[in-house]
Amino acid sequence: MRILRKTLLIIILALTAVPAAFLIKLQPDYHVEINMKTGFERMVMLKFDIFLKTISSSVPLDENAYWPVVADYYKLRYPSGWIEAMKLLSREDIRLLNCPVNPPCVKPPYAVNEADASDSSAFTLRTLGVALPKASSRLRAKIYESKFLNSTSTLLVTVMNTGDDEGVFIVILFEKSFEQARKVDLKPSENASVRFPVHVPEGEEVVVRIFGGGEQLDGCKLTIGMKKPPSILPLVLGAVGTIPMLVGTLVILSHFMGKFRKHASLQEDGPAPYPPS
Amino acid sequence: MPSRRLTVGLVLITAGITLILSSLLVKPEHPEEDQYAALRKVRVDYAERQSCTYFLDQSILLRNPSSETVVDLVYVWIPVNESHQFTRFLSSTLKPLFMKSDEEVAILVYNVSLTEGETMWLNVTLLVTVEGYRLLMENIPWLNRSQVEESTGGKGYWAVENRTYILVAKNIGLDARDPVEACRIVGEWIRRRLQYDEGPRKGANHALIEMGGELFVRGDCEEIADVFVTLTRILGIRSRVVHGLRLLGYREGSVTMWIKRTERGYEYSENWGGHAWSQMYLPQAGWVDFELGAYDVRIGDLTPYYVRYSFEEKGNLGSNVPYCLTRNLEADLLYFVFRWVQP
Chain E
5 MRILRKTLLI IILALTAVPA AFLIKLQPDY HVEINMKTGF ERMVMLKFDI FLKTISSSVP
65 LDENAYWPVV ADYYKLRYPS GWIEAMKLLS REDIRLLNCP VNPPCVKPPY AVNEADASDS
125 SAFTLRTLGV ALPKASSRLR AKIYESKFLN STSTLLVTVM NTGDDEGVFI VILFEKSFEQ
185 ARKVDLKPSE NASVRFPVHV PEGEEVVVRI FGGGEQLDGC KLTIGMKKPP SILPLVLGAV
245 GTIPMLVGTL VILSHFMGKF RKHASLQEDG PAPYPPS
Chain C
5 MPSRRLTVGL VLITAGITLI LSSLLVKPEH PEEDQYAALR KVRVDYAERQ SCTYFLDQSI
65 LLRNPSSETV VDLVYVWIPV NESHQFTRFL SSTLKPLFMK SDEEVAILVY NVSLTEGETM
125 WLNVTLLVTV EGYRLLMENI PWLNRSQVEE STGGKGYWAV ENRTYILVAK NIGLDARDPV
185 EACRIVGEWI RRRLQYDEGP RKGANHALIE MGGELFVRGD CEEIADVFVT LTRILGIRSR
245 VVHGLRLLGY REGSVTMWIK RTERGYEYSE NWGGHAWSQM YLPQAGWVDF ELGAYDVRIG
305 DLTPYYVRYS FEEKGNLGSN VPYCLTRNLE ADLLYFVFRW VQP
């Protein structure tokens, strides 16, 4: 049973980088056989169903063509072991177009020694009239609070799982120069705070988003710090100072004008006549 | 009264001039410059770099234990090339069939034929340059979403879905401002809870034990590395385990260490330096070594006496580096002789 578990794990790792998300179903007639027709000892033969959607190394070529890559982890890590033969059976509506191997010099499908075995094989599959289901996420979360700390060089984001399922959420800070992501596992109604170093200068805008199950669940925009408006005090002082200066000038002018007018009228009238005796 | 008017005018002018002059004296405020620009700048600088070059002789005593002639492939692990290490193959007693190398490992493959009970020494000579370094890192950003999703999952030895580890990571690491700080916190947490116990690799799931309501990490360098990788990956940091040799017991410009296969198992030289430690990936700095000292946590601070033989990130097979692997032959004795090349 131990060898079976280990072998299954290797098969899973050959197909996905996320073993926990991988779906594999052993067929009831799976068996471990020793001394198969090739004569090798310790040979393990397994029959299993793989759910195409869960192969993380699968590259969608177009709407209904996929390219799952199968890496031989036996060969990668323990070179004296390798996947000797692979047989692919699929539903009628899935057709194998080709199977390039890496390196090209190897001789699949039956490799009798390590040098003949491929490091990885890529299957080009066309799924006729079959649409792979889009995973639907039931995860829900909200950005509860976002605030800048440490002289706006740090952003603290508090998020809350508002759904009914526990899950892994990814909080992302989008800056001009970097996209930063933090992973956080939250139970229903649980909240948690994560911090990010901020790299853009004050006045710039950043975006915070939270993702769960591959979907964006919430987002917000923030501006770092507040730009101070230019001060109007010098302008006010200048304006206020100009008014009394102008008024004062007018007053002085009126004073001198009055004095001048009086002086002129005295000259025009000549000397005052003597009173009649 | 004219003189009164003059006085009022002069007072008004004086007041006006005073206000205008004071408006000139008030420093006009421009939009504030970012006073904290230094707190936002990503900094990755080498505070120290010191290279050591070694001639490395790896000698393997091979034996055919069977009663017939055996032709077998012999796999010999050699130090792997990476940003702080460079290995050059110089010679070997047999011509290698080919070399297998990728980002994680470098292996020389030989075709060896031995008659019944025959033994032979396979000697490989390499030139290895290892750079010791100390990095100064500030304001390092976290990885982006695709890197987090693709490169921080679990593997056989890294229990990222273990509830206890998730809780520990949340309690100690979520508050960290940057990935370097998170790694330091994780390292300190492991250091304070470490119960050193040498033994075969258990993996992170079996390294964590509870005693008197407290958690402890029990194990040796491999468990430290596995627990570090588990906790940092839960926190969204790309990390991996390194297997290699630590050069101990320097004598007259060289270090010699060996492994001997006996009926009771393996025997090691007193200065055997088989070691495991971890690395974290930062796009701005590349792979950065993490090593737990007796009293401190060292991140991006490693001497040139650590020789890297394999990285474990994508694969999860093999609890350590076997250094030599054969199918039907036996490797009875392995010698590693590091001779310093004078600068």
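Protein chains in written order, with the working numbering: chain E, 5 to 281; chain C, 5 to 347.
Every residue gets a Cβ at the ideal spot worked out from N, C-alpha and C, and that includes glycine.
Quick one: is residue i buried, meaning 16 or more other Cβ sit within 10 Å of its Cβ, or exposed?
i              : result
residue 125(C) : exposed
residue 282(E) : One cannot answer for residue 282(E) here, as it falls past the ends of chain E, which runs 5 to 281.
residue 330(C) : buried
residue 143(C) : buried
residue 68(C)  : buried
residue 230(C) : buried
residue 357(C) : Past the boundaries of the shown model lies residue 357(C); chain C is included only from 5 to 347, so the question cannot be answered.
residue 64(C)  : buried
residue 299(C) : exposed
Confirm the yes/no value for this check: CB of residue i, any heavy atom of the ligand ADP, distance under 7 Å.
i              : result
residue 214(E) : Absence of the ligand ADP is noted for the structure shown, with no ligands found whatsoever.
Counting only beta-carbon atoms, is residue i nearer than 8 Å to chain C?
i              : result
residue 185(E) : yes
residue 163(E) : no
residue 227(E) : no
residue 157(E) : yes
residue 74(E)  : no
residue 217(E) : no
By the three-class DSSP mapping on this structure, what secondary structure does residue i have?
i              : result
residue 193(C) : helix
residue 328(C) : strand
residue 151(C) : helix
residue 106(C) : coil
residue 73(C)  : coil
residue 334(C) : strand
residue 37(E)  : Legend: pLDDT at residue 37(E) = 45, less than 50; position of this residue unreliable, no value from coordinates given.
residue 234(C) : helix
residue 72(E)  : coil
residue 166(C) : coil
residue 103(E) : coil
residue 115(C) : strand
So residue i contacts chain E; which residues on that side make the cut at Cβ distance below 7 Å?
i              : result
residue 2(C)   : Residue 2(C) cannot be examined here, being either before or after the span of chain C that is shown, 5 to 347.
residue 240(C) : 185, 186, 187
residue 146(C) : 184, 185, 186, 200
residue 92(C)  : Within chain E, no residue comes near residue 92(C); the closest Cβ sits about 22 Å away, beyond 7 Å.
residue 166(C) : Neighbours of residue 166(C) on chain E: none; closest Cβ ~11 Å, over 7 Å.
residue 30(C)  : 237, 238, 241
Please go through the same chain and pick out, in chain order, the residues whose beta-carbon is closer than 7 Å to the beta-carbon of residue i, but skip the five residues on each side of it.
i              : result
residue 321(C) : Below a pLDDT of 50, predicted positions are generally treated as unreliable, and residue 321(C), at 43, falls in that range; the measurement from the model is reported next regardless. If we look at residue 321(C) and ignore the five residues flanking it on each side, it has no Cβ neighbours.
residue 309(C) : 250, 251
residue 312(C) : 83, 84, 86, 89, 246, 248
residue 156(C) : 237, 240, 241, 242
residue 151(C) : 242
residue 225(C) : 279, 280, 281
Could you work out which residues of chain C lie near residue i, taking near to mean beta carbons separated by less than 8 Å?
i              : result
residue 267(E) : The contacting residues do not exist; residue 267(E) stays about 12 Å from chain C at best.
residue 211(E) : Neighbours of residue 211(E) on chain C: none; closest Cβ ~13 Å, over 8 Å.
residue 252(E) : 12, 13, 14, 15, 16, 17, 18, 19, 20
Ignore the nearest five residues each way along the sequence and tell me which others in residue i's own chain have a CB closer than 8 Å to its CB.
i              : result
residue 241(E) : none
Residue i touches chain C at which residues, Cβ-Cβ below 9 Å?
i              : result
residue 249(E) : 16, 17, 18, 19, 20, 21, 23, 24
residue 154(E) : 40, 43, 181
residue 282(E) : Nothing can be reported for residue 282(E): it is not among the residues displayed for chain E, which extend from 5 to 281.
Check the Cβ-Cβ distances between residue i and every residue of chain E, and say whether any is below 8 Å.
i              : result
residue 216(C) : no
residue 40(C)  : yes
residue 263(C) : no
residue 82(C)  : no
residue 68(C)  : no
residue 149(C) : yes
residue 143(C) : yes
residue 116(C) : no
residue 189(C) : no
residue 170(C) : yes
Near residue i, what residues of its chain come up, given a Cβ to Cβ distance below 6 Å and the 5 sequence neighbours on each side ignored?
i              : result
residue 302(C) : 295
residue 315(C) : 108, 244, 246
residue 327(C) : 81, 338
residue 178(E) : 211
residue 217(C) : none
Give me the chain C residues within the contact set of residue i, using Cβ-Cβ distance strictly less than 7 Å, ordered along the chain.
i              : result
residue 258(E) : 9
residue 196(E) : 174, 178
residue 255(E) : 9, 12, 13, 16
Starting from the beta carbon of residue i, find every residue of chain E whose beta carbon is closer than 9 Å, and list them in chain order.
i              : result
residue 27(C)  : 237, 238, 239, 240, 241, 242, 243, 244, 245
residue 325(C) : Result: empty, since nearest Cβ-Cβ is about 11 Å, beyond 9 Å.
residue 231(C) : Here the premise fails: no neighbours, minimum Cβ distance about 17 Å.
Chain E partners of residue i, CB-CB under 8 Å?
i              : result
residue 156(C) : 187
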